[in-house]
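Enquirer: Let me begin by handing over the structure; questions about it come next.
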Amino acid sequence: MSLVVRTGPQEYECGIGVLDSLTSKLKARGIRKAVIVHGTNSWKRAETYLSHLINSEITLEFVAFNGECTYEEVNRIVERLKETHAEAIIGVGGGKLMDTVKYAAEKITGVQSILIPTLASNCAPWTPLSVMYTADGVCLGFDIHTKQVALLAIEPSLLLDAPVNYFVAGVADTLAKWYESDVILSRPEHQTNALLLISRAAALNCRDTIVNYGQQAVADIQTHSLTPAFIQVCETIIAVSGLVGGLGDEYARTTIAHAVHDKLTIFPETHVFLHGEKVAYGIMVQLAFEEKWVEVARLAVFYESLQLPKTLTDLNLSRLTDDQLAAFTASVALDNNLIQSGYEAAKEDIQKAIHSLEDYLGIKVVSETKMGESL
């Protein structure tokens, strides 16, 4: 067995007011010049939380993110880092921005990455890898980095200001950690590896936290209520879910659900959906592939409550031709991450699962069973 463990940031802190001490944390690292890469709407929400840093003696250069984590965007930001002789790059925004910032820091020796997420929508702030896209939003796969994030600082009040749909997408993406990894991690040959056991425990924690507190946390962000449930779910989305792949490596990273997401990005109709929303559909395909129909029915209740996509129709893909579906399922079956995980899935069986899922959810009357009672 070859297992490479990449646990996460060198330093992580989550708490109300955590950004007030950001200046001192940078100084402790010898940082005097930094480039801040930021989104547009996210920066409007985050700027007030960073007033202490902005008004400090640390020299700051501000760079607007272009919206996609592409190799071209990474290189553009690398050039800005070189021009300013910055010692750190600070990312303020969502997952694609986080991935771009991590990659830029990876490319320059001595540059540290500081991440301040404005969304709890995935584990991008935690993981030492970047998911790469074309400028048109087509997923190309991911690249693993040798450099860890120097500091990940989470201000829960900032995450509470985020759009609700991004948070819901984060809930779905985190739920996938269990469904994707357990098939591999539960194999007998993996029960004697200490790190894989911890990875599986983290995946189970992801599922249980989402099941027990996910709906409450969504209600909290809708009412702008900063509660322990909301903070717990945020940390699970960002940190605990990141530990699953960090500790489990290729044995716990992705299987069908994320492979489905990646290949869905070739369809322009799906670009209006967030990463976690497409992963949510991928979970359903995986459960159909495994013929876990009771689980599909129970999970459908949870999806309905959060308006997550369950079928191709929900993803604006009801008019796919047989040839398009065949090409799509073939690309899923050939996904490198799916193959490397050891999860065997033939294209014909994936296509059958998609058809079966559409038929099942088209006629199934979902019960009122609570999610917490089903798993």
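For the sequence shown, the working numbering assigns the number 3 to the initial residue and increments by one for each residue that follows.
We treat Cβ as the ideally placed atom computed from N, Cα and C, and that holds for glycine.
Note that the coordinates shown come from a computational prediction; the quantities given were computed from them, not determined experimentally.
1) Whose C-beta lies closer than 6 Å to the C-beta of residue 130 among residues of the same chain, with five residues either side of it excluded?
2) Have a look at residue 95 and residue 49 and give me their C-alpha separation to the nearest angstrom.
3) If you follow the alpha helix (DSSP H) that residue 103 is part of, which residue opens it and which one closes it?
4) Please report the residue range of the beta strand (DSSP E) in which residue 40 lies.
5) What are the start and end residues of the alpha helix (DSSP H) that includes residue 240?
6) Helix or strand or just coil, what does DSSP make of residue 144?
7) Based on the DSSP output, what are the partners of residue 416 in its beta bridges?
8) Between residue 270 and the rest of its own chain, which residues show a CB-CB distance below 6 Å, the 5 nearest in sequence each way excluded?
9) So, for residue 327: in the same chain, excluding its five sequence neighbours on each side, which residues have a beta-carbon less than 8 Å away from its beta-carbon?
10) Can you tell me whether residue 6 is buried or exposed, with buried defined as 16 or more other CB within 10 angstroms of its CB?
11) Between which two residues does the beta strand (DSSP E) containing residue 288 stretch?
12) Find out if the Cβ-Cβ distance for the pair residue 264, residue 141 is shorter than 8 Å.
13) If residue 103 sits next to residue 117, beta carbons under 8 Å apart, how far is it from one beta carbon to the other, in whole angstroms?
14) Determine the direct distance from the alpha carbon of residue 136 to that of residue 143, and round the result to whole angstroms.
15) So, is residue 395 buried or exposed, given that buried needs 16 or more other C-beta atoms within 10 angstroms?
16) Per the contact definition of three or more C-beta pairs closer than 8 Å, is the region 203-222 in contact with the region 173-183?
17) Given residue 228, which residues of its chain have a CB within under 8 Å of its CB, disregarding the five upstream and five downstream residues?
18) For residue 370 and residue 304, I'd like the C-alpha separation in whole angstroms.
19) Using the three-state DSSP reduction, which class does residue 69 fall into: helix, strand or coil?
20) Going by DSSP, what residues sit across from residue 269 in a beta bridge?
21) Assuming residue 132 is part of the beta strand (DSSP E), what are its boundary residues?
22) Tell me the rounded alpha-carbon separation between residue 154 and residue 204.
Expert: Reading from the atomic positions:
1) Against the sequence shown, residue 130 aligns to sequence position 128. Cβ within range, chain order: 8, 147, 150.
2) Sequence index remark: in the sequence shown, residue 95 carries index 93 (1-based). Sequence index remark: in the sequence shown, residue 49 carries index 47 (1-based). Rounded to whole angstroms, residue 95 to residue 49 spans 11 Å at the Cα level.
3) On the sequence shown, residue 103 is found 101 positions in, with the first residue counted as 1. Taken as a continuous stretch (DSSP letters only), the alpha helix (DSSP H) holding residue 103 covers 97-108.
4) Counting from one through the sequence shown, the residue named residue 40 turns up at place 38. Segment 35-40, the beta strand (DSSP E) holding residue 40.
5) Locating residue 240 in the sequence shown gives position 238, where the first residue counts as 1. Note, residue 240: premise wrong, no alpha helix (DSSP H); not H, not E.
6) Here residue 144 corresponds to residue number 142 of the sequence shown, with the count starting at 1. It is a strand residue.
7) Since the displayed the chain opens at 3 and closes at 377, residue 416 lies outside it and no answer follows.
8) Within the sequence shown, numbered from 1, the residue matching residue 270 stands at position 268. If we look at residue 270 and ignore the five residues flanking it on each side, it has no Cβ neighbours.
9) Start at 1 with the first residue of the sequence shown, and residue 327 comes out as number 325. Same-chain partners within the cutoff: 353, 356.
10) Mapped onto the sequence shown, residue 6 falls at position 4. That one is exposed.
11) Counting from one through the sequence shown, the residue named residue 288 turns up at place 286. It is not in any beta strand (DSSP E) - residue 288 instead sits in the alpha helix (DSSP H) that spans 277-291.
12) In the sequence shown, the residue the question calls residue 264 occupies position 262. In the sequence shown, the residue the question calls residue 141 occupies position 139. Closer than 8 Å, so yes.
13) Counting from 1 along the sequence shown, the entry for residue 103 is found at position 101. Counting from 1 along the sequence shown, the entry for residue 117 is found at position 115. Correct: roughly 7 Å between the Cβ atoms.
14) Locating residue 143 in the sequence shown gives position 141, where the first residue counts as 1. Locating residue 136 in the sequence shown gives position 134, where the first residue counts as 1. Using only the alpha carbons, I get a separation of about 10 Å.
15) No information on residue 395 is available, as it lies outside the stretch 3 to 377 that the chain covers here.
16) yes
17) By 1-based counting over the sequence shown, the position of residue 228 is 226. The answer, listed in chain order, is 18, 158, 159, 162, 222.
18) Here residue 370 corresponds to residue number 368 of the sequence shown, with the count starting at 1. Here residue 304 corresponds to residue number 302 of the sequence shown, with the count starting at 1. Summary for residue 370: the model assigns pLDDT 36, below 50, so the residue's position carries little reliability, and this model does not support an answer.
19) For the purposes of this step, residue 69 is taken as residue 67 along the sequence shown, with counting starting at 1. Residue 69 falls in the coil class under three-state DSSP.
20) On the sequence shown, position 267 is the one that residue 269 refers to. According to DSSP, which records beta bridges pairwise, residue 269 is partnered with nothing at all.
21) For the purposes of this step, residue 132 is taken as the residue at position 130 of the sequence shown. Start and end: 131-135.
22) Numbered from 1 along the sequence shown, position 152 holds the residue referred to as residue 154. Numbered from 1 along the sequence shown, position 202 holds the residue referred to as residue 204. Using only the alpha carbons, I get a separation of about 19 Å.
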